[in-house]
Structures are given as structure tokens and as C-alpha cells.
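Here the structure is laid out as C-alpha cells; the discussion comes afterwards.
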Amino acid sequence: MSKRVIYWICQVLGWGLYTLFLIGMMALFGGEGYITSSSLILQGIIYVSLILFSHLFKLHIQRSNWLELRLSKLIPRAFVGTLVTAIVTQVFIHLIIYLIFPLSGISGFSWSGFIGYVFNIYIVLILWASIYFIIKFMEKNRKSELEKLALKSALQEAELMILKNQVNPHFLFNALNNIRSLILIEPEKARKMVTHISDLLRYSIQFNASEKVALKEEIEIVKDYLQLESIQFQERLSYTFNISSETLKVQIPPMAIQLLVENAIKHGLSTQKNGGQILVSTSLIENYLLIEVKNSGQLRSSQKREGIGLKNLVERMKILFGTFAEFKLENSSNQMVSATLKIPTS
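Under numbering that gives the first Met the number 0, think of the first position of the sequence shown as 0, with each following residue one higher.
See below:
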């Protein structure tokens, strides 16, 4: 149902109830003798007049853009406007019942009676105008909130695309550096690295337009990444996966686990002469998915552990999950560092 139809239904029913109220007051205080054909016709004229002139007042409000005014300017205009509308309405009614269509049984014209009728209509029109302005301001505020939400959503989507596009070049840069270091001395291993990189880039391109991917697909690409890194690290890198089967279908941001593993190798294992190990585990606790990547080493305050990749991951988590997602990087023991993602599943 359109707003225009609703408006006219409210006009007809609202002023109809007011007219019935007047008739009821006549019967209550004046007795049945006051309910005559002339009095009912008069109430019908008042009813039509109120619908007509309140609508004209509404058109004036719209054409004059009163709804765009501040309250300090709107309120005086509203009071004056309702007073003018009440006077014009009563002039119209009096012209009909005394000149155009005289009604029998109606007392003669008097200025005191006219002023009293104007005052009564003025009070009713103030109520009508108050309801109208309240509804319009509620609609305006709701529209403003929807526009803000739409703008915020568009901004977040744009930010997400920018952050995702920053992640892939960052990883590619590191991978190409690995190839460069091996391409002359161990070309066979370099060729294997190129194969793994092609799988990783295919995954990156395929899911670049997606906000989330299944954890199972992310784990497969992490395995490719670790195989690629193990070629360079040889015996200095070992890794273990402890993935709960119930987490495999949970949706996560693409490249999230890969970034944690990449960070663990770059800032943890690569700084240690004997390398170390990486443990990737997932579990479901209540309504949250816990992803934990542990690596050998210790987190020191002097180390710059959060590069552009991790910072972008944290931003992506905020955009996708708000304050419900958590990221923590800490020493979990004397030999291990733990990076933990806590992602809501519902």
C-alpha cells in the first residue's frame, strides 16, 4: 500500500472520528433534540472542510519545504499556519451555511461564536499538524539512517576489496623472492615452487571476489604453501595439522590462515638457525571458530611481528565480523608463539 493511499485513509478516518466525536458530544450535552437533519448536514460540511483545508495546509508545508527547517523556525510557522488554516476553514463553513446553502435551525452569525469555532478548529489542527510533523520527521530520520547504513556498507565493501588486493601482492612478493634464490642453484626445486605458486595464485584469483571461503579450501592452499616453503627450508621446517572435521565447512576470510602461517615463518622460523615447527589447529567452541597457528620461537617486544599482511587481516575481520571477531598474538610457552583467530559462526 502506497504512502499516498495510507495518507488519505488516515485523513478520512481521522476526521471522521472527530466528526463522530462532535455528534456524540451534541447528543450527550444537548439531548436527542439537537440531533437534527440540519445539524448532521452541518457536521458533514465541517467534516469535508477539515479534510480539504488540512490537505491544502499539507501541500503548503511541502511546497514551502518546512520539513527542511530547523525547529526554531518550523514551530512559529506551524502555529501561524494552523491559525490561518483554522480561520479560512471557518470562513468557508460560514459562507456555505449562511450564504450558499442556508441551513434551518442554525443560530445566526456572531463574532463571538465565530472566534470560538476558530479556536476549537485551531486546537484540533495543532494536534493534526503535530502528528503529521512527527510522522514526517520519523520517516526522514529512518531514511537518513538507511542512507548511512548503505553508505557504510559501500565503504566497508570498498575497504574490503582494497585490503584483499593488498594481501595478494604481499604474498606474491615473498614467493617470488624464494624462487629467485633457488632458480640458479636448484632449478628443479624452483620449478616445483612455480607449480605451487601457480596453485596459490589460482586460488587467490578464484576467491578474490569472495568475502569468505570454506575452511577446507583454505587448509588445502595452506598445505601447498607449506610444501613450497619446506623446499627452501628443507629439514629446518616441520608442520602438523590438527583440523577438527566439524570446522571444515565454516566460512572464513580467504588467505586468513595462510597469512598466519606466512607470518609465523617470516618472523619466527626464518630468524632461527635450526628452523622449527608449525602447528595449525582448528576447533569449534560454542558459537565461535578458533584457529590457532603455533610456531617455534619467542615473541619479543623489539620484534615487529605485524606486517602489512596481519594488519590487513585484522581490518578485514573488523569489516566482516565487527567486534565479535578477535585476534591474539602471544607467547604460549617458553618455546612457542601462538597466533589465534576467534571468528563467530552465527
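All C-beta atoms in this analysis are idealised placements derived from N, C-alpha and C, irrespective of residue type, glycine included.
Practice task
Kindly provide the ranges of any beta strand (DSSP E) runs that are 3 or more residues long and lie completely inside the segment 188–253, ordered along the chain.
Solution key: Fully enclosed beta strand (DSSP E) runs of 3 or longer: 236–242.
Exercise for the section: Whole angstroms is fine: what's the gap from I290's alpha carbon to I5's? Expected result: A direct Cα-to-Cα measurement between I290 and I5 gives close to 53 Å.
Practice task
Compare the C-alpha of F232 against each of I220, I264, K222 and name the closest.
Solution key: When only C-alpha atoms are compared, the closest one is I264.
Problem - Per-residue burial, N273 [other beta carbons within 10 Å of its own, 16 or more giving buried] - result: It is exposed - the Cβ of N273 has fewer than 16 other Cβ atoms within 10 Å.
Practice task
For V24, count neighbouring Cβ atoms within 10 angstroms of its own Cβ and tell me buried if that reaches 16, exposed if not.
Solution key: According to the sequence as given, residue 24 is Met; it is not Val. So M24 ends up on the exposed side.
Handout entry: Given G296 as reference, the closest of M335, W65, L309 once Cα atoms are compared
Key = It is M335 whose Cα lies nearest to the Cα of G296.
Exercise for the section: May I have the straight-line CA-CA distance separating K303 from K142, to the nearest angstrom? Expected result: The predicted model places K303 with a pLDDT of 47, which falls under 50 and marks its position as unreliable; any figure quoted below should be read in that light. So the alpha carbons of these two residues sit roughly 45 Å apart.
Exercise for the section: Leaving aside the five residues before and after F323 along the sequence, list all residues of the same chain whose C-beta is less than 7 Å from its C-beta, in chain order. Expected result: Counting only Cβ-Cβ distances below 7 Å, and skipping sequence neighbours, we find P343.
Practice task
Could you spell out the range, first to last residue, of the beta strand (DSSP E) harbouring N273?
Solution key: For N273, there is no enclosing beta strand (DSSP E), as DSSP marks it with neither H nor E.
Handout entry: Rounded straight-line distance, which links the Cα of D223 to that of L199
Key = Here the C-alpha atom of L199 lies approximately 7 Å from the C-alpha atom of D223.
Handout entry: Residue range of the unbroken beta strand (DSSP E) whose run includes Y287
Key = Note, Y287: beta strand (DSSP E), 287–295.
Problem - Pick from A128, L340, L82 that is closest to G115, judged by C-alpha positions - result: Restricting attention to A128, L340, L82, the CA atom closest to the CA of G115 is found in L82.
Problem - Supposed contact pair G267 and N350 - C-beta distance, whole angstroms, cut 8 Å - result: In the structure displayed, the chain extends from 0 to 345; residue 350 sits before or after that span and is not available.
Problem - Identified DSSP bridge partners for V336 - result: BP columns for V336 point to N294, N330.
Practice task
Using DSSP bridges, identify the partner residues of L55.
Solution key: According to DSSP, which records beta bridges pairwise, L55 is partnered with nothing at all.
Handout entry: Cα-Cα separation, V166 to V260
Key = In this prediction, V166 has a pLDDT of 47, which is less than 50 and means its spatial position is unreliable; what the coordinates show is noted afterwards. Rounded to the nearest angstrom, the two C-alpha atoms are 14 Å apart.
Practice task
Evaluate the contact criterion for the segment 93–109 versus the segment 131–140: three or more CB pairs, one atom per stretch, below 8 Å.
Solution key: Contact fails: fewer than three Cβ-Cβ distances are below 8 Å.
Practice task
Could you pull out every residue in the same chain whose Cβ sits closer than 6 Å to the Cβ of I60, ignoring the five residues on either side in sequence?
Solution key: Annotation for I60: no residue places its beta carbon closer than 6 Å to its own, counting only its chain and skipping 5 residues before and after.
Handout entry: Own chain residues within Cβ distance below 7 Å of W127, not counting five before or after
Key = Correct list, in chain order: S53.
Handout entry: In DSSP terms, what E67 is bridged to
Key = Under DSSP, E67 takes part in no beta bridge, so it has no partner.
Problem - Closest residue to I86 among L49, S106, L73, W65 (Cα-Cα distance) - result: Cα-wise, what sits closest to I86 is L49.
Exercise for the section: Buried or exposed for E219, please, with buried defined as at least 16 other CB atoms from any protein chain shown within 10 angstroms of its CB. Expected result: Label assigned to E219: exposed.
Exercise for the section: Please look up how many angstroms separate the CB atoms of I44 and I120, rounded, as I've assumed it's under 8 Å. Expected result: In this structure I44 is not in contact with I120, their Cβ atoms being roughly 13 Å apart against a cut-off of 8 Å.
Handout entry: Simplified DSSP assignment, three categories, for T281
Key = T281 falls in the strand class under three-state DSSP.
Practice task
Might you give, ordered along the chain, the residues of its own chain that have their beta carbon closer than 8 Å to the beta carbon of I122, omitting 5 neighbours on each side?
Solution key: Once the five neighbours on either side are set aside, I122 has no close Cβ partner at all.
Handout entry: Simplified DSSP state of I34, which is helix, strand or coil
Key = DSSP places I34 in the coil class of the three-state scheme, outside both helix and strand.
Exercise for the section: To the nearest angstrom, report how far apart R76 and T35 are at their CA atoms. Expected result: So the two alpha carbons sit approximately 39 Å from each other.
Handout entry: Beta-carbon gap between E217 and I251 smaller than 8 Å
Key = Result yes, Cβ atoms of E217 and I251 sit closer than 8 Å.
Handout entry: Terminal residues of the alpha helix (DSSP H) in which L258 lies
Key = Its alpha helix (DSSP H) spans residues 255–266.
Problem - Pairwise C-alpha distance: S229 and K248 - result: The alpha-carbon atoms of K248 and S229 are separated by roughly 27 Å.
Handout entry: Residue environment, M0, which counts as buried when at least 16 other CB atoms sit within 10 Å
Key = M0 comes out exposed.
Handout entry: Simplified DSSP state of E325, which is helix, strand or coil
Key = Correct three-state label for E325: strand.
Practice task
Please confirm if H195 has its CB atom under 8 Å from at least one CB of chain B.
Solution key: Note that chain B does not occur in the displayed structure, where there is just one protein chain.
Exercise for the section: Closer than 8 Å by C-beta to L55: which residues in its own chain qualify, once you throw out the five before and the five after it? Chain order, please. Expected result: Short of 8 Å from the beta carbon of L55, and not among the five residues preceding or following it, lie these beta carbons of its own chain, in chain order: T84.
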